[in-house]
Amino acid sequence: RLISSVFLKVSDFLCYFADQQPPAMAKSKNHTNHNQNQKAHKNGIKKPKRQRNESTRGMCQKFLHNLRFSKKGNLSREESLQRFEERKAKFAGQPAPVRL
């Protein structure tokens with residue numbers, strides 16, 4: 001111990017004359033996550049808001065081409081209600097079918 005303490009003093013002495021800083025001790029703490037979780041939950045962690053209609057940009061062109069035609073074939077609300085009423089009137093006088 002005596003030799004190491006003398007060596008440190010001599011090295012400090014030499015560093016003083018050489019305009020250098022004495023060797024610093026190695027850092028022991030490299031990372032901490034202290035308080036970060038509490039800060040994140042302070043206002044609550046929220047899910048990202050989903051858009052009502054997803055963008056079709058970048059989608060498969062074959063799929064989009066088919067989608068346009070399938071939308072064109074769909075009935076509007078009024079048309080579908082009208083067809084429902086027609087079917088309802090058609091089977092109004094008949095008894096309900098027996099299901100086995």
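Going by the UniProt record's numbering, the first residue of the sequence shown is number 1, and it counts up by one from there. Note that CB positions come from ideal geometry on N, CA and C, so glycine has one too.
- Shortest Cα-Cα distance from residue 36 to any of 28, 45 and 92 involves 45.
- For residue 69, the enclosing alpha helix (DSSP H) covers residues 61 to 73.
- Within the model, the alpha-carbon separation for residue 65 versus residue 74 is close to 15 Å.
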